[in-house]
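Please read the structure below before turning to the comments.
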Amino acid sequence: MDKTVSSAAEAVADIFDGASLAVGGFGLSGVPIWTIRALTEQGATDLEVVSNNCGVDGWGLAELLERGRIRRVIASYIGENREFGRQYLGGEIEVELTPQGTLAERLRAGGVGIPAFFTAAGAGTVVSDGGMPLRYAPDGSVALASEPKELRPFGTFGKNREYVLEHAIRTDFGLVRAAVGDRHGNLRFEKSTRNFNPLAGMAGKVTIAEVDELVEPGVLGPDDIHLPGIYVDRVVVLSREQSADLPIEKTTVRARPAASATGRNENEGAR
1 MDKTVSSAAE
11 AVADIFDGAS
21 LAVGGFGLSG
31 VPIWTIRALT
41 EQGATDLEVV
51 SNNCGVDGWG
61 LAELLERGRI
71 RRVIASYIGE
81 NREFGRQYLG
91 GEIEVELTPQ
101 GTLAERLRAG
111 GVGIPAFFTA
121 AGAGTVVSDG
131 GMPLRYAPDG
141 SVALASEPKE
151 LRPFGTFGKN
161 REYVLEHAIR
171 TDFGLVRAAV
181 GDRHGNLRFE
191 KSTRNFNPLA
201 GMAGKVTIAE
211 VDELVEPGVL
221 GPDDIHLPGI
231 YVDRVVVLSR
241 EQSADLPIEK
251 TTVRARPAAS
261 ATGRNENEGA
271 R
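Numbering of the sequence shown is given in UniProt numbering, commencing with residue 1 and proceeding in unit increments.
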C-alpha cells in the first residue's frame, strides 16, 4: 500500500476543531514543522496537544500556540517558550505537566493497547496527590487543579514502595518527522529525533509522517526500522530545501583572541 500523499496540506485536511494531537520532537530536534505549518494554514483550532514541550518562541508548535489555536497541552516542561509560559500563567491555556519518562510511557502504552500502568515517578508529590495547577485564573489564582491519582504499594525490586497509576494517552492524530521512510510507512529516525517521534506515531489513531528521504519498500532493513508502517497512515516527502530548514536553538560563540603583533610577524614569515 502506497501511503504517500502529495502535500502536507492534503495530509492534514481532515484534522478537525477540538482534535487531539501527539507531536514528536524535543526542542528543535525532530519537529514535524511542515505538517505543523500546513495545519496552521488549514485553520483547525481548539486543539489538545501532547508533546514533550511546545516548541520555542516563533517556531514549531509555538506557531499554533501564538495564534490561539491550542486549548490544552500535556507536556514535560514549558522550557524557554515565553509565550507558552505567558498563556499558562495568564489562564489562556490548560497545561498538564507530566514527568518526561511518564509522558513517554503513556504514549507508548496508548500505542500498544495498555490502558494504564503504575510508576514510581511522581508518587508522593503533587503528581499523585493532586493540586497541580492545570489552569490559572486571570488574577493569578488557580482556576483548575489536578485530581489525586491512585497509589498502590508494591514489593517489587526488593523493597516495598508506593507507585502511582498513570493512564495511557491515545490521540486522534500523530504528527512525526523521520529521516527516512518508505511507501509502506516504515520509518527510521536520526539519533535524538527518536526520543518522542516513534511514541507519538504509536499513540495517534491516524499518524502523519513527514520524511526527509523516501525509499522503496525493502530498502530499509528490519533492524533499521524504528516505527513500523502499521502505525503510519500518511507519508509526506519533503524537498531538500524543506529538510534543510532547521534553525539553531542557541548559538554559543566566543570572541576570537586577537593575534599578537609577534604572532602575525611569525605567521607572515612562515608564508
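Just so it is clear, CB atoms sit at the ideal spot from N, CA and C, and this is done for glycine as well.
Annotation for glutamate 147: no beta strand (DSSP E) segment contains it, and DSSP assigns it neither H nor E. When the alpha-carbon of phenylalanine 117 is set against those of Asp182, Val235, Glu166 and Val49, the nearest one is in Glu166.
The secondary-structure analysis by DSSP pairs serine 20 across a beta bridge with Glu48. If you compare the alpha carbons of Thr156, Arg152 and Ser51 with that of glutamate 162, the shortest gap goes to Arg152. By the C-beta density criterion, glutamate 241 is exposed, having fewer than 16 other C-beta atoms within 10 angstroms.
Of the residues Arg135, Pro32 and Arg188, the one whose Cα lies closest to the Cα of glycine 221 is Arg188. In summary, serine 29 is buried, with 16 or more beta-carbon neighbours lying within 10 Å of its beta-carbon over all protein chains present. Taking 7 angstroms as the cut-off, the Cβ atoms of arginine 183 and threonine 4 count as close. With fewer than 16 other Cβ atoms from the protein chains shown falling within 10 Å of its own Cβ, arginine 86 counts as exposed. Excluding the 5 residues flanking it on each side, asparagine 81 has same chain C-beta neighbours closer than 8 angstroms at Asn53, Cys54, Gly55, Val56, Asp57, Ala62 and Leu65, in chain order. Contiguous beta strand (DSSP E) elements confined to the stretch 144-217 occur at 151-154, 161-167, 171-182 and 204-215, taking only those with 3 or more residues. The shortest CA-to-CA distance from histidine 226 to any of Ala209, Ser239, Val12 and Val126 is the one to Ala209.
Comparing C-alpha distances from aspartate 139 to each of Tyr88, Val164 and Val126 shows the shortest one belongs to Tyr88. Between alanine 38 and alanine 8, the beta carbon gap of about 4 angstroms places them in contact (Cβ cut-off 8 angstroms).
In the structure shown, the three-state DSSP call for valine 126 is helix. Judged by DSSP in its simplified three-state form, threonine 119 adopts strand.
Between the alpha carbons of threonine 125 and leucine 97 lies a distance of about 13 angstroms.
Within the same chain, and ignoring the five residues on either side of glutamate 213 in sequence, the residues whose Cβ sits closer than 6 angstroms to its Cβ are Val180.
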